[in-house]
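Student:
Protein chains: 2
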Amino acid sequence: MEQTDDRRVRKTRRLLREQLARLMEHKSVREITVTELCRACDINRGTFYRHYADVYDLLHSVEEEIRRGFQQVMDPVFSGGKLGEQVIGPGLQAAFCYLAENADMCRVLLCRGGDMEFVQQVENLMREFVREQYRKVNRREGEMYDYIFTYIAAGCIGVLRQWLEQDMPQPPQQIAALLEQIMREGVLALL
Amino acid sequence: MEQTDDRRVRKTRRLLREQLARLMEHKSVREITVTELCRACDINRGTFYRHYADVYDLLHSVEEEIRRGFQQVMDPVFSGGKLGEQVIGPGLQAAFCYLAENADMCRVLLCRGGDMEFVQQVENLMREFVREQYRKVNRREGEMYDYIFTYIAAGCIGVLRQWLEQDMPQPPQQIAALLEQIMREGVLALL
DNA sequence: ACAGAAATCAACACGGCGTTTATTAACAGA
DNA sequence: TCTGTTAATAAACGCCGTGTTGATTTCTGT
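What follows is the structure in structure tokens.
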């Protein structure tokens, strides 16, 4: 979404995103109509169509923003960090702190009634993160390696989703630490 | 869904499920209208409403059937199997074989454009399976244990989804074996 | 202050929704 | 094979959200 310097545009888009998030806490996206959303925003319906094609178009622009932020906060992990350096912990911690800041929207996008498409995208980002880390200590590749990376990434996102769904009873650092421990020592060591 | 002995009813419902699955291969559920589905089935629109409230009602009845089958095939693992007995392998293998038989529908429900609600339910079933297994060898419980069980379950479902999305290039037994190995030895032993 | 653009309002045709009616066709059980 | 029951059909209904339009007003950046 190309950004603008017109205050009215920023205001309208922010309003729409806020109210969409609010409505999504009580009902599924598919039940939210453009008319209803505009009433909630006290915005003319024609104004909505000036910015977005439909509710899903708006939703995807929100998703893209979250995803971009997630990617950005993980980026240092990819570019920086010498071979074997400890970046899993800080990387996960940064990611979970970022998600915690946007918890309302993330819960709605990743948990019950969320968007599979989006969950898959986040999971793919996480898998590339995992792949990058393991490449630093072992350059072997193979058909089955992809499944293992997927296993780890999906496990992390699964934990993330449970944590979000329970309204984050632990601080993000603790969850990040748990996942780092799992990645380093495996689940068996913890059970 | 209460079953009937009237051939016409069985025929209609089967037709609707078939065509729904067919349509879902090309477009998202939210884009499928009752009108369109009925045209595809060559069925009167009023007939649809005699059986289901809307497209999602139909979808959920399909999901319930799949879930019931999945649960049923996993059930022996819960009830049977003495303490410490090797049931992880056979259990996973049975589950993956069952899912492979219903691959078309499962891919559409679990992968891109799928239903988060349904994925979550399957993941919960898998978590209870995992919890049951680990209880046999270790009865400790704790706040963080739930996260670990979730990690394992989500990892398994993640692998399942990747496998389905790639049109199952490996036999179900091989995937089940891989996951059993991960559960027993951890990912680190394999990397 | 001014030109440009965004937001508003009202109205439009379109199409899917969910329901109803009368009618026809298929069914299960005797 | 007959019979009462019930599912499926066809046609029509009002309703509502959609996406677009044109004219008008309000706000914005410079």
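From first to last, the protein sequence lines stand for chains A and B. Numbering-wise (my numbering), the first sequence opens with residue 1 and increments by one. Numbering-wise (my numbering), the second sequence opens with residue 192 and increments by one. Backbone N, C-alpha and C define an ideal beta-carbon position, used for all residues, glycine too.
Nearest-angstrom Cα distance between aspartate 6 (chain A) and arginine 318 (chain B)?
Tutor: A direct Cα-Cα distance of roughly 50 Å separates aspartate 6 (chain A) from arginine 318 (chain B).
Student: Locate the alpha helix (DSSP H) running through tyrosine 98 (chain A), then write down its first and last residues.
Tutor: 88–101
Student: Below 9 Å between beta carbons: does that hold for arginine 13 (chain A) and histidine 51 (chain A)?
Tutor: yes
Student: Are glutamine 365 (chain B) and threonine 150 (chain A) touching if we call contact CB-CB under 9 Å?
Tutor: no
Student: Within 9 Å (strictly less), CB to CB, does arginine 112 (chain A) reach chain B?
Tutor: So, interface residue.
Student: Which bits of chain A does isoleucine 223 (chain B) rub up against, with CB to CB less than 9 Å?
Tutor: Result: empty, since nearest Cβ-Cβ is about 11 Å, beyond 9 Å.
Student: Hey, is the region 38–53 of chain A in contact with the region 10–25 of chain A, meaning 3+ C-beta pairs nearer than 8 Å?
Tutor: yes
Student: Does chain A have any CB closer than 9 Å to the CB of glycine 377 (chain B)?
Tutor: It does: the Cβ of glycine 377 (chain B) has a partner Cβ on chain A nearer than 9 Å.
Student: Measure the beta-carbon distance from valine 373 (chain B) to alanine 154 (chain A) and round it to whole angstroms, keeping in mind my assumption that it falls under 8 Å.
Tutor: First, the residue type needs correcting, since residue 373 (chain B) is isoleucine and not valine in the sequence shown. Incorrect: roughly 12 Å between the Cβ atoms, too far for contact.
Student: Going along the chain, which residues of the region 336–352 of chain B sit with their C-beta nearer than 8 Å to a C-beta in chain A?
Tutor: Tyr336, Asp337, Tyr338, Ile339, Thr341, Tyr342, Ile343, Ala344, Ala345, Gly346, Cys347, Ile348, Gly349, Val350, Arg352
Student: Below 9 Å between beta carbons: does that hold for valine 55 (chain A) and valine 73 (chain A)?
Tutor: Against a cut-off of 9 Å, the Cβ pair of valine 73 (chain A) and valine 55 (chain A) comes out as no contact.
Student: Please report the distance separating the alpha-carbon of glutamate 25 (chain A) from that of cysteine 111 (chain A).
Tutor: Here the alpha carbons of cysteine 111 (chain A) and glutamate 25 (chain A) stand approximately 11 Å from one another.
Student: Please list, in chain order, all residues of the same chain as cysteine 229 (chain B) whose beta carbon is under 6 Å from its beta carbon, the five residues on each side excluded.
Tutor: The residues are Arg236, Phe239.
Student: Between which two residues does the alpha helix (DSSP H) holding methionine 116 (chain A) run?
Tutor: 116–135
Student: For the candidate residues B:Leu381, B:Leu370, B:Ala231, B:Asn315, whose alpha-carbon lies nearest to that of glutamate 209 (chain B)?
Tutor: B:Ala231
Student: Spatial neighbours of leucine 92 (chain A) within its chain, please: CB distance less than 6 Å, with the 5 preceding and 5 following residues excluded, ordered by chain position.
Tutor: Only Ala176, Leu179, Glu180 meet the Cβ criterion.
Student: Buried or exposed for aspartate 266 (chain B), going by 16 or more other Cβ atoms inside 10 Å?
Tutor: By the neighbour-count criterion, in which 16 or more other beta carbons inside 10 Å mark a residue as buried, aspartate 266 (chain B) falls on the exposed side.
Student: Answer with buried or exposed for proline 172 (chain A), where buried requires no fewer than 16 other C-beta atoms within 10 angstroms of its C-beta.
Tutor: buried
Student: Could you give the distance in angstroms between the alpha-carbon of valine 200 (chain B) and the alpha-carbon of leucine 211 (chain B)?
Tutor: 16 Å
Student: Measuring straight from C-alpha to C-alpha, what distance separates glycine 113 (chain A) and valine 29 (chain A)?
Tutor: In a straight line, the C-alpha of glycine 113 (chain A) is about 8 Å away from that of valine 29 (chain A).
Student: Does leucine 274 (chain B) have its Cβ less than 9 Å from a Cβ in chain A?
Tutor: Its pLDDT being 41, under 50, leucine 274 (chain B) is placed unreliably in this model, and the value from its coordinates should be taken loosely. Taking Cβ atoms only, chain A never reaches closer than 9 Å to leucine 274 (chain B), which makes this a no.
Student: Quick one: is asparagine 138 (chain A) near chain B, going by C-beta distance under 9 Å?
Tutor: yes
Student: With a threshold of 9 Å between beta carbons, is glutamate 314 (chain B) in contact with chain A?
Tutor: yes
Student: Who are the neighbours of methionine 116 (chain A) on chain B, taking C-beta pairs under 9 Å?
Tutor: Leu301, Cys302, Arg303, Gly304, Gly305, Asp306, Met307, Val310
Student: I need the straight-line Cα distance from glutamine 194 (chain B) to glutamine 166 (chain A), nearest angstrom please.
Tutor: 37 Å
Student: Please check if any C-beta of chain A sits within less than 9 Å of the C-beta of alanine 380 (chain B).
Tutor: yes
Student: Express the C-alpha separation of alanine 286 (chain B) and glutamate 227 (chain B) in angstroms, rounding to a whole number.
Tutor: A direct Cα-to-Cα measurement between glutamate 227 (chain B) and alanine 286 (chain B) gives close to 34 Å.
Student: Quick one, which residues of the region 171–183 of chain A are near chain B if we go by CB-CB under 7 Å, in chain order?
Tutor: Leu178, Ile182
Student: Confirm, please, whether the CB-CB distance from glutamine 324 (chain B) to isoleucine 257 (chain B) is below 9 Å.
Tutor: no
Student: Less than 9 Å between the C-beta atoms of tyrosine 98 (chain A) and glycine 142 (chain A), yes or no?
Tutor: no
Student: Any beta carbon of chain B sitting closer than 9 Å to that of tyrosine 52 (chain A)?
Tutor: No, because no Cβ of chain B sits closer than 9 Å to the Cβ of tyrosine 52 (chain A).
Student: For leucine 300 (chain B), count neighbouring Cβ atoms within 10 angstroms of its own Cβ and tell me buried if that reaches 16, exposed if not.
Tutor: Counting the other Cβ atoms within 10 Å of the Cβ of leucine 300 (chain B) gives 16 or more, which makes it buried.
Student: Which residues, in order along the region 228–240 of chain B, keep a beta-carbon less than 8 Å from a beta-carbon of chain A?
Tutor: none
Student: Just checking my contact of isoleucine 152 (chain A) with valine 378 (chain B) at CB under 8 Å: how many whole Å lie between their CB atoms?
Tutor: 6 Å
Student: DSSP three-state call for tyrosine 52 (chain A): helix, strand or coil?
Tutor: coil
Student: From A:Ile148, A:Arg140, A:Asp104, A:Glu63, pick the residue whose C-alpha is nearest to that of valine 118 (chain A); which is it?
Tutor: Here residue 118 (chain A) turns out to be phenylalanine, not valine, going by the sequence shown. The residue with the shortest Cα to Cα distance from phenylalanine 118 (chain A) is A:Glu63.
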